[in-house]
Every structure is written in C-alpha cells, then in structure tokens.
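**Student:** Each number in our numbering corresponds to the 1-based position in the sequence shown with 11 added. A virtual CB, placed ideally from N, CA and C, is assigned to each residue, including glycine. Take a look at the following structure, please.
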Amino acid sequence: MATIVNTKLGEHRGKKRVWLEGQKLLREGYYPGMKYDLELKDSQVVLRVKEEGKFTISKRERNGRVSPIIDLTVQELATVFDGVEMLRVFIRNGAIVISAHHQQERVIERVNRLISKLENGESLSVCSLFHGGA
C-alpha cells in the first residue's frame, strides 16, 4: 500500500531540504542503512532503492525505538522546486516520488500567466482583489 505525505520544502544552512522520517517509511519497507539513488524526472525527484546507491537512509533512536530518516539537501531541489513551498511525497516500496503539491503548481501557473499578460500589455479577463460573503 502506498503512502502520501504533504510536507513543506524546508531550508537548512541556505540549502533546500526535504526531511522524511518515521513509521510511514518503515511501513513501506525503508530501513536505516539501506542505500538509494536520486533521479530527476521532469518536475519530480525520484528516490530508488539500490544496493550500490549514493545515499544512505539514516536513523534516529528515541525511547528505544529506531526510526529511519531521509534527509535530502542536494542542490537539485532548489532548481526543480523553485518557488514551491509545499511538496507531495508518494512513498511506495522501492521508490519515493517527490513533486510539487498540486495547489502550489496552480499558484505558480497563475502568477506566471499574470506576469506574462502584464508584460505583453494584454487585458486581464477577471480581477478580484477582495471578495467574500456574509
């Protein structure tokens, strides 16, 4: 069974960071000491378990329980997720797919569309600064 996690794209010492830990990783078969590689696919980052992987799953021991930790701080995160705050992490046995949360993608598309129309002098179809009910 796959697990979906919505998380924030963090920052640590000036670098973008994705932090995953706990039972969700264990449930999908990710254990401390396992190796994995990182692949970039379109606007996604894919982590695949491999015997000779470049990265290693770390661990944290708390109250006698060991939890796996995946801490990504690679430079590619800044380029793939430029302008993104929320991420969608799809965890399944053998691969973890990290992508921009669908709401974040829509916000970026709207902002880019607005900027493009303003730069080209095109008219805006709808503009609502404040709206609501009651």
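Are the CB atoms of Ala111 and Lys27 nearer to each other than 7 Å?
**Tutor:** Contact: no.
**Student:** Which ranges would you report for the beta strand (DSSP E) in the segment 84–143 if only whole runs of at least 3 residues count?
**Tutor:** 97–103 and 106–111, all fully within the segment 84–143.
**Student:** Assign Tyr41 to one of two classes, buried (16 or more other C-beta atoms within 10 Å of its C-beta) or exposed (fewer than that).
**Tutor:** buried
**Student:** Go ahead and pull the three-state DSSP assignment for Leu51.
**Tutor:** strand
**Student:** Do three or more CB pairs link the segment 49–64 to the segment 76–91 at distances below 8 Å?
**Tutor:** Yes: the two stretches touch, three or more of their Cβ pairs being nearer than 8 Å.
**Student:** Starting from Leu31 and walking both ways along the beta strand (DSSP E), at which residues does that stretch end?
**Tutor:** Lys26 to Glu32
**Student:** For Phe101 and Ser139, what's the separation of their Cα atoms in angstroms?
**Tutor:** Taking the straight line joining both Cα atoms gives about 35 Å.
**Student:** Let me make sure I understand the geometry here. Which of Asn131, His113 and Pro79 has the alpha-carbon closest to that of Lys46?
**Tutor:** Pro79
**Student:** Should Ile126 be labelled buried (16 or more other beta-carbon atoms within 10 Å of its own) or exposed?
**Tutor:** When all chains shown are included, Ile126 counts as exposed.
**Student:** Comparing C-alpha positions only, which one of Val77, Gly94 and Met12 sits nearest to Arg117?
**Tutor:** Gly94
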